[in-house]
Amino acid sequence: MLEIRDLQCAYGAVSALKGITMHVGEGQLVALVGANGAGKSTTLRAVSGLAPKVGGSILFCGEDITGLDPAKVLDRGISHCPEGRRVFPYMTVADNLIMGAYLRRDQAGVRQDLDKVYSDFPRLKERRTQAAGTLSGGEQQMLAIGRALMSRPKLILFDEPSLGLAPTIVEQILSMIRSICDAGTTVLLVEQNAFAALELCDHAFLLETGRMVKEGSGRELIADPHIRAAYLGG
1 MLEIRDLQCA
11 YGAVSALKGI
21 TMHVGEGQLV
31 ALVGANGAGK
41 STTLRAVSGL
51 APKVGGSILF
61 CGEDITGLDP
71 AKVLDRGISH
81 CPEGRRVFPY
91 MTVADNLIMG
101 AYLRRDQAGV
111 RQDLDKVYSD
121 FPRLKERRTQ
131 AAGTLSGGEQ
141 QMLAIGRALM
151 SRPKLILFDE
161 PSLGLAPTIV
171 EQILSMIRSI
181 CDAGTTVLLV
191 EQNAFAALEL
201 CDHAFLLETG
211 RMVKEGSGRE
221 LIADPHIRAA
231 YLGG
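Residue numbers (the UniProt record's numbering): 1 to 234.
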């Protein structure tokens with residue numbers, strides 16, 4: 001479904017990605033792991049049209065989307081659930097969710113999907129008239145996930161969904177992401193908790209300082225001595 005070929009990104013003179021190649025198969029949950037600064041978030045931002053690309057290509061469902069702006073990437077079926085949640089704090093929960101569907105014109109379908117989000121996330125229904133900025137961190141993450149789903153994406157990019165959340169909430173959020181994939185939406189996940197991401201995923205890639213150095217199933221990467229020592233606490 002998603003193919004990244006020799007992708008290079010830079011911020012000014014600083015090279016963030018140095019020619020990475022990876023793939024995400026339809027229906028898979030793929031994890032991208034690595035240390036802070038390895039280029040994980042840049043990879044997601046490059047796919048969604050937000051990061052400056054200086055080389056390589058990105059293909060989605062066979063179409064080259066390398067040069068598309070973020071709105072066109074979203075229109076192709078890729079939704080981005082960003083690091084830090086990035087909800088609109090002064091807008092209501094309901095309005096935040098509707099913003100996720102701003103490119104859609106099928107109003108009946110939007111209402112149907114809104115009802116489904118409320119069914120999947122009852123807490124959001126309870127707080128639908130509340131300003132998003134007054135929600136807890138876990139509730140805001142649920143809102144960010146619900147907003148991403150409102151575009152009816154084929155692929156969702158999740159960037160550090162557990163960041164800053166209590167361990168019990170982290171477990172709920174990651175379980176939700178697995179359920180989203182099991183329901184048919186392909187997922188590319190960047191997650192600071194490498195062990196949890198590798199346990200959750202179907203396939204994984206390891207980034208080190210802008211280079212792709214390892215790939216395999218989650219179990220294979222967990223069993224790798226180098227990865228255990230460097231990323232999983234031994």
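We treat Cβ as the ideally placed atom computed from N, Cα and C, and that holds for glycine.
Contact with chain C by residue i, beta-carbon distance below 8 angstroms
i, result
"proline 167", "Of the protein chains in this structure there is only one, and it is not chain C."
Beta-carbon gap between residue i and residue j smaller than 8 angstroms
i, j, result
"leucine 143", "valine 190", "no"
"methionine 1", "cysteine 61", "yes"
"leucine 188", "valine 33", "no"
"proline 161", "glutamine 140", "no"
"serine 151", "arginine 104", "yes"
"leucine 155", "glycine 77", "yes"
"glycine 49", "proline 89", "no"
"alanine 38", "threonine 209", "yes"
Residue burial classification, residue i (beta-carbon count within 10 angstroms, cutoff 16)
i, result
"lysine 116", "exposed"
"valine 14", "exposed"
"asparagine 36", "exposed"
"alanine 148", "buried"
"histidine 226", "exposed"
"glycine 12", "exposed"
"lysine 72", "exposed"
"leucine 114", "buried"
"proline 153", "buried"
"aspartate 159", "buried"
"threonine 129", "exposed"
"threonine 42", "buried"
"glycine 100", "buried"
"valine 170", "buried"
"serine 79", "buried"
"glutamate 83", "buried"
Residue from the options whose Cα sits closest to the Cα of residue i
i, options, result
"aspartate 6", "Ala51, Ala194, Ile58", "Ile58"
"aspartate 95", "Leu157, Val110, Glu171, Ala230", "Val110"
"phenylalanine 195", "His203, Tyr231, Asp106, Met91", "Tyr231"
"threonine 185", "Asp69, Gly67, Leu29, Cys9", "Leu29"
"alanine 16", "Glu3, Arg45, Asp120, Gly27", "Arg45"
"alanine 183", "Glu26, Glu3, Ile20, Gly233", "Glu26"
"phenylalanine 121", "Val47, Ile177, Lys214", "Ile177"
"leucine 74", "Ile20, Ser119, Leu157", "Leu157"
Neighbourhood of residue i by C-beta distance below 7 angstroms, restricted to the same chain and skipping five residues each side
i, result
"lysine 40", "Leu32, Gly34, Val190, Leu207"
"cysteine 181", "Leu29, Val187"
Cβ-based neighbour list, residue i, same chain, cut-off 6 angstroms, excluding 5 preceding and 5 following
i, result
"isoleucine 211", "Here the sequence assigns arginine to residue 211, which means isoleucine is not the residue at that position. The residues are Lys18."
"lysine 214", "Leu206"
"isoleucine 222", "Leu198"
Integer Cβ distance of residue i from residue j, believed to fall under 8 angstroms
i, j, result
"leucine 200", "glycine 146", "Not really, about 20 angstroms apart at Cβ, beyond 8 angstroms."
"glutamine 192", "leucine 165", "Rounded, the Cβ-Cβ distance is 11 angstroms, inconsistent with contact."
"alanine 10", "valine 54", "5 angstroms"
Own chain, CB closer than 8 angstroms to residue i, minus 5 neighbours either side, in chain order
i, result
"glycine 218", "Ala31, Ala197, Leu198, Glu199, Leu200, Cys201, Asp202, His203, Ala204"
"glutamate 63", "Arg76"
"arginine 85", "Gly137, Gln140, Gln141, Leu143, Ala144"
"leucine 124", "Val93, Leu97, Val117, Tyr118, Glu139, Met142, Leu143, Gly146"
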